[in-house]
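Participant: Every letter in the sequence shown is one number past the one before it in our numbering, and letter 360, counting from 1, is 932. No residue lacks a Cβ here, since even glycine has one placed at the ideal position from N, Cα and C.
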Amino acid sequence: MLTTLTIIPVAAMFAVLTSRSVVMTMRLGYAATLLNAALSFYLLSVFDNDKPGVQLAEQASWLGLSYSVGVDGLNILFFPLITCLALLVLVYVSATRLSGNSKLVAGILAYEAILIGAFSALNVLQFWILTVLELVTVIALTTESALDQKKRHLIITLVQFFGSSLFLTLCGFLLLAFGLIDSEHDLTFDLLTLKNNNAYLHDETLIFILLFYGFAIRMPLFPFHGWLPLLVEQGGLTGIVVFIVGLKLGVYATVRFIFPLVPGVAEQWAGFVLLLCLISIFYGALLAFMQNNIYRLLAFATISHTGVLVLGIFSFNEHGLEGALLLSLVYGLASVGMIFSISLINEQTRTVMIPRLGNLFDSHATLALLFLITALSTLIMPGSLGFDAGHLLVEGVIDEHEWGVAVTILIGNVLAAGFLLWAFQRIFLAKSKRHIAYLRNSKTHFQERFIAIVICGLHIGTGLNSMPLFNLIDKDVIDLVSQYPMHSTQQYEEGPPVNNDSGEDKDAH
573 MLTTLTIIPV AAMFAVLTSR SVVMTMRLGY AATLLNAALS FYLLSVFDND KPGVQLAEQA
633 SWLGLSYSVG VDGLNILFFP LITCLALLVL VYVSATRLSG NSKLVAGILA YEAILIGAFS
693 ALNVLQFWIL TVLELVTVIA LTTESALDQK KRHLIITLVQ FFGSSLFLTL CGFLLLAFGL
753 IDSEHDLTFD LLTLKNNNAY LHDETLIFIL LFYGFAIRMP LFPFHGWLPL LVEQGGLTGI
813 VVFIVGLKLG VYATVRFIFP LVPGVAEQWA GFVLLLCLIS IFYGALLAFM QNNIYRLLAF
873 ATISHTGVLV LGIFSFNEHG LEGALLLSLV YGLASVGMIF SISLINEQTR TVMIPRLGNL
933 FDSHATLALL FLITALSTLI MPGSLGFDAG HLLVEGVIDE HEWGVAVTIL IGNVLAAGFL
993 LWAFQRIFLA KSKRHIAYLR NSKTHFQERF IAIVICGLHI GTGLNSMPLF NLIDKDVIDL
1053 VSQYPMHSTQ QYEEGPPVNN DSGEDKDAH
């Protein structure tokens, strides 16, 4: 099934590139993304949340190369998120002047396939190759949709940052593979084999540094964030596509490849990571307050949110990790909702400068509500999944770092509420300083409503019934947490863990 989810958009991509009809191009794109969305929800239905470990695994070898994919509680929820938002990106494209561009539609389908392959990969070299293909796809989309006067500088910046990330992670993965020479296994990049034999690894600290710095660029975490504001501001459709789930690939890769393989070193470096996270939270928030370009504001908001997520996963307990995984979904979906809202306004007003906008609520009520609801969902507000996820993350941080760090997170959350609601007030409610001329048609109006209904429905629906999501990830999170050498020993000394299968503790949140 996972291979099928990857092949469908790839096949549709080649069909789109050979199509000469604008109508056929969009129909092929819609058919592939709709089919993948349906299969991803079917994947949820066949996933056994009472059984920890990898399910629906597929393995193959050819000419010395191995292919391995699987799904567990750490990645199961990312597949419906990827497929649903890929469909929404196509809906957005059809509402803009980019509609019918076969290269852009093919790029969207390729990016969907790469993300599905990367999130399901259980082979570290396979994961790395997919991230290389991701860079190629991002550059191709940038060539088609970025602003001409900034295109060259943007591509050079992306190559510098993404190339550095790829080099660091490749070195880390090679050290992992060659670190098993003293064991009975031949050279392998299989994740499960590396995990079961990590006692033989050498240079564990160097492996952690290489992988963490490489993934930190992709998150992005301070001070490795320089590419994101430029991409979102100048990249056009590319910025939106990367905002789908691409930014969360670094957070997921940290959980998937660092914690199971070098957990002891991760615990030793937790203090350093804590410092980077706190700087990211406040640096991103303060820089967001200083922006007049709403795209740049959302980019710095993402940097602030990344600090919260990484702080959660480096709490080394069940609550922190579960909260971080679910909050990463909330932030991904919310970021896409806000950037869709602003991008559709940009299509009609030809500006994203906050001082030039204002008083748009009456003329763009749907987009205003989309921006408001998605902004509120990132602020741990009741009625959204972010409320349950955020409270779990804060509880995990309290368990690990006591109240001081948790209060710091809450202060950062107040700052986030400030700059997002301040931006909403200036764009949609404040009196405009100039007359805004905009173009509007019924087609665009319908697509605005469709995007708003789907994104807001997902936020509110999962917020009102979050327990099924917790049940999907619970067993594998507990299994991962039990592998931390220092923290699992501390928990054992305090007493055996209480198995609360009924979920009463989570209901209390």
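May I have the straight-line CA-CA distance separating M953 from I648, to the nearest angstrom?
Facilitator: Here residue 953 refers to the residue found at position 381 when the sequence shown is read from its first residue. Here residue 648 refers to the residue found at position 76 when the sequence shown is read from its first residue. Using only the alpha carbons, I get a separation of about 25 angstroms.
Participant: So, for P624: in the same chain, excluding its five sequence neighbours on each side, which residues have a beta-carbon less than 8 angstroms away from its beta-carbon?
Facilitator: Locating residue 624 in the sequence shown gives position 52, where the first residue counts as 1. Cβ neighbours of P624 beyond the five flanking positions: D644, G645, K1047, D1048, I1050 and D1051.
Participant: Just to confirm before moving on: does the CB-CB distance between S852 and I789 stay below 8 angstroms?
Facilitator: The residue you call residue 852 lines up with position 280 of the sequence shown. The residue you call residue 789 lines up with position 217 of the sequence shown. No.
Participant: K820: buried (16+ other C-beta within 10 angstroms of its C-beta) or exposed?
Facilitator: In the sequence shown, residue 820 corresponds to position 248, counting from 1. Buried, because 16 or more other Cβ atoms sit within 10 Å of the Cβ of K820.
Participant: Which of the three DSSP states, helix, strand or coil, is assigned to G642?
Facilitator: Mapped onto the sequence shown, residue 642 falls at position 70. If DSSP states are grouped into helix, strand and coil, G642 belongs with the strands.
Participant: Give me the Cβ distance between F1000 and L951, rounded to the nearest whole Å; I'm assuming they're in contact under 8 angstroms.
Facilitator: In the sequence shown, the residue the question calls residue 1000 occupies position 428. In the sequence shown, the residue the question calls residue 951 occupies position 379. F1000 to L951, Cβ: 17 angstroms. No contact.
Participant: Sorted by chain position, which residues of the same chain lie with C-beta nearer than 7 angstroms to I970's C-beta, five sequence neighbours on each side aside?
Facilitator: One-based indexing of the sequence shown puts residue 970 at position 398. Result list for I970: A978, in chain order.
Participant: According to the Cβ coordinates, are F761 and L697 closer than 8 angstroms?
Facilitator: If you number the sequence shown from 1, residue 761 lands on position 189. If you number the sequence shown from 1, residue 697 lands on position 125. Yes.
Participant: Is it right to say G884 is buried, meaning 16 or more other beta carbons lie within 10 angstroms of its own, or is it exposed?
Facilitator: Within the sequence shown, the letter at position 312 stands for residue 884. Burial call: buried.
Participant: Can you tell me which residues form a DSSP beta bridge with D762?
Facilitator: By 1-based counting over the sequence shown, the position of residue 762 is 190. N695, per the DSSP bridge assignment.
Participant: With a Cβ-Cβ cutoff of 8 angstroms, do P792 and L800 count as a contact?
Facilitator: Residue numbering aside, residue 792 sits at position 220 when the sequence shown is read from its first letter. Residue numbering aside, residue 800 sits at position 228 when the sequence shown is read from its first letter. In contact: P792 and L800 (Cβ atoms closer than 8 angstroms).
Participant: Within a Cβ cutoff of 6 angstroms, which residues of the same chain sit near T751, ignoring the five residues on either side of it in sequence?
Facilitator: Within the sequence shown, the letter at position 179 stands for residue 751. According to the sequence as given, residue 751 is Gly; it is not Thr. Closer than 6 angstroms at Cβ, skipping near neighbours: L773 and H774.
Participant: Tell me which residues share the same chain as F613 and place their Cβ nearer than 7 angstroms to its Cβ, disregarding the 5 neighbours each side in the sequence.
Facilitator: What you label residue 613 is simply residue 41 of the sequence shown in a count that begins at 1. Here the set comprises P652.
Participant: Can you tell me the Cα-Cα spacing of A749 and L766, whole angstroms?
Facilitator: Here the question's residue 749 lines up with position 177 in the sequence shown. Here the question's residue 766 lines up with position 194 in the sequence shown. The alpha-carbon atoms of A749 and L766 are separated by roughly 7 angstroms.
Participant: Alpha helix (DSSP H) containing W994: first to last residue?
Facilitator: Here residue 994 corresponds to residue number 422 of the sequence shown, with the count starting at 1. Here the alpha helix (DSSP H) through W994 covers L957 to F996.
Participant: Quick check on I1025: buried or exposed, where buried means 16 or more other Cβ atoms within 10 Å of its Cβ?
Facilitator: In the sequence shown, counting from the first residue as 1, residue 1025 sits at position 453. So I1025 ends up on the exposed side.
Participant: What is the rounded straight-line gap between the Cα of S915 and the Cα of N695?
Facilitator: Here residue 915 refers to the residue found at position 343 of the sequence shown. Here residue 695 refers to the residue found at position 123 of the sequence shown. Distance between the alpha carbons of S915 and N695: 37 angstroms.
Participant: Is I999 close to the ligand SAM? I mean its beta-carbon at under 7 angstroms from any heavy atom of the ligand.
Facilitator: What this structure holds is no ligand at all, so the ligand SAM is not there to describe.
Participant: Can you give the Cα-Cα distance for F912 and S876, rounded to whole angstroms?
Facilitator: Translated into the one-based positions of the sequence shown, residue 912 becomes position 340. Translated into the one-based positions of the sequence shown, residue 876 becomes position 304. C-alpha separation (whole angstroms): 20 angstroms.
Participant: Just to check my reading of the structure: A658 and T575 have Cβ atoms closer than 8 angstroms, yes? What is that Cβ distance to the nearest angstrom?
Facilitator: Taking the sequence shown and counting its residues from 1, one reaches residue 658 at position 86. Taking the sequence shown and counting its residues from 1, one reaches residue 575 at position 3. About 17 angstroms; that fails the 8 angstroms criterion.
Participant: Alpha carbon to alpha carbon, how far is R592 from S887? Give it in angstroms, no decimals.
Facilitator: As a first step, residue 887 must be located in the sequence shown, where it is residue number 315. As a first step, residue 592 must be located in the sequence shown, where it is residue number 20. Near 53 angstroms, if we compare the C-alpha coordinates of R592 and S887.
Participant: Express the C-alpha separation of C656 and N608 in angstroms, rounding to a whole number.
Facilitator: If you number the sequence shown from 1, residue 608 lands on position 36. If you number the sequence shown from 1, residue 656 lands on position 84. Straight-line Cα distance between these residues: approximately 8 angstroms.
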